[in-house]
Amino acid sequence: MNPTTTSVPGLLLPIADLPPSFKWGVATSSYQIEGAAAEDGRTPSIWDTFCRVPGAVTGGDNGDVACDHYHRMPQDVALIKSLGVDTYRFSVAWPRVQPGGRGPANRAGLAFYDRLTDELLAAGVDPWVTLYHWDLPQELEDAGGWPHRDTAYRFADYAMLVFDKLSDRVDNWTTLNEPWCSAWLGYYVGVHAPGRRDFGDAIAAVHHLLLGHGLATERMRAAATREMKFGITLNMGTADPATDTPADREAARRADGMGLRIYLDPLRKGEYPADMVADLAARGTAFPVREGDLEVIAAPFDVLGVNYYFGQDFSGTDEQGNTHEADGTPVVRPILPAGPRTAMNWPITPERFTDLLVRLHRDYPGLPMVITENGAAFDDSADDDGNVADEGRTAYLAEHIAAVAAARERGADVRGYFAWSLMDNFEWAEGYAKRFGIVHVDYATQARTPKRSALWYRDMISRVRGN
Ligand code: IFM
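Residue numbers (my numbering): 705 to 1171.
In structure tokens:
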């Protein structure tokens, strides 16, 4: 491999082997950037509600205005174009398109994504649609949310409303973004909307999210009149044992099962992993599988979206040496690897990114991958003109793109990379306090200013294209 120098002083990147056909993009999601929360017929999502819960979101922030993208979309598309990317990954707000989560499309809401699609195509940027990035209509949560089976069918109906409108121009369709976050953080840990804390509900949510993915994929594919790519995006890390003790190896197995295998095994093998089914039974719960569900969930799809931020180790004992929690469940204690951290206190572990991609290629073969998110929050400081010299973020991106290139060298079929995120935005429970953007947003004026990392990204893309 011939290292290629970049505009980051002193940094060498093994990116030379990335082919000109490799796709480059930037990504966002609806609730994180759009604002206009009550305009053109949009009704509240679970995040609008959750943001009103005292203490749920840092600073009491919410997405009412966010980056005001709903009103600034043409300028934002021009910004995307200026970065020279091939593609832009955005999500569609379900409560904008189908207020309340049932019934016909809201034409005004759908029209926004229609305009966005046209604007992108006119700018030479390929639209990449994610159908669900966490903004469940509140009415569906009131009816039971993702633990309730009917939500899967509601999702497939909604997906078809979007598909019918945009599929004449959009080729790439992602059903769900990070179902682990929806199920685990939303229904078990309670730090994301809707803020519930029930293990059994979380397990039911996993199954119904996957079922919704399968139902929507089957229906979209059946309706497609030309070749299109369908997929799902999972957030994944690596789960290594902290030491070689049986307890730590067991903890790593459980973490890997809960974080990765309970999604990819049913999606690719048509079954939940036997060890996880046994673990759940020991906790008195089970996936609410009905006849035929697993065939639907395992419907063929074309691309696995991989969102990677960091990997970690796991210990099977707590700090006092106990192997079980007070409620009798085995300890699964994450241990963050030593070394530098981002502003989220997430470790920076690019080498584990390579490991993950190679492992996915080995354990779930025959499935092309695209990195649908990767990036970092840092405590950026902007000068008076909004300029940000974010060397930390630039290095993070460079090291992780190099890790992708290294994985490809080891056989992983990775075909594209989206930087998370196009611009600073509403970082869920962290509100506006954490900035992931490669473009700085001044929330008082809504001015956008590309950070140093955005300029590096633009230049790197142009260099790789020249290969
Ligand atoms: O901002 C989020 C995004 O919405 C989903 N993936 C992780 C990002 C950073 O936390």
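Note that beta-carbon positions come from the ideal geometry of N, C-alpha and C, so glycine has one too.
- Nearest Cα to Asn1091 within the set Val730, Ile1039 and Val1145: Val1145.
- If you look at Glu1077, you'll find it in the beta strand (DSSP E) that goes Met1073 to Glu1077.
- Between the segment 823-835 and the segment 865-880 there are three or more C-beta pairs closer than 8 Å, enough to call the two in contact.
- Distances from the CA of Asp1128 to each of Ala770, Arg746 and Val757 were compared; the closest alpha carbon is that of Ala770.
- Its Cα nearest to that of Glu882, the residue Gly890 stands out among Trp728, Gly890 and Ala1003.
- Linking Pro992 to Leu913 through their CA atoms gives a straight-line distance of about 12 Å.
- When only Cα atoms are considered, Ser1166 and Thr821 end up about 24 Å apart.
- Relative to Leu1060, the option among Gly1025, Ser795 and Val1108 whose CA is nearest is Val1108.
- The segment 760-768 and the segment 1132-1141 touch, with no fewer than 3 CB-CB distances between them shorter than 8 Å.
- Here Ser795 has Ser733, Ser734, Thr834 and His837 as same chain residues with Cβ atoms under 6 Å from its own Cβ, once five neighbours each way along the sequence are excluded.
- Secondary structure remark: continuous beta strand (DSSP E) runs of at least 3 residues inside the segment 862-930, in chain order: 876-881.
- By the C-beta criterion, the segment 1113-1120 is judged not to be in contact with the segment 1080-1097, since fewer than 3 inter-stretch pairs fall below 8 Å.
- His896 counts as buried, since no fewer than 16 other beta carbons sit within 10 angstroms of its beta carbon.
- Taken from the Cβ of His773, every heavy atom of the ligand IFM lies 8 Å or farther away.
- For Arg1066, the three-state secondary structure derived from DSSP is helix.
- When the Cα atoms are used, Tyr817 and Leu1040 turn out to be separated by approximately 40 Å.
- In the same chain as Leu984, and ignoring 5 residues on each side of it, the C-beta atoms closer than 8 Å to its own belong to Ile907, Ala990 and Phe991, in chain order.
- Each residue's CA atom was taken as its position, placing Lys933 and Gln1024 some 49 Å apart.
- As computed with DSSP, Trp728 is found in a beta bridge with Tyr1121.
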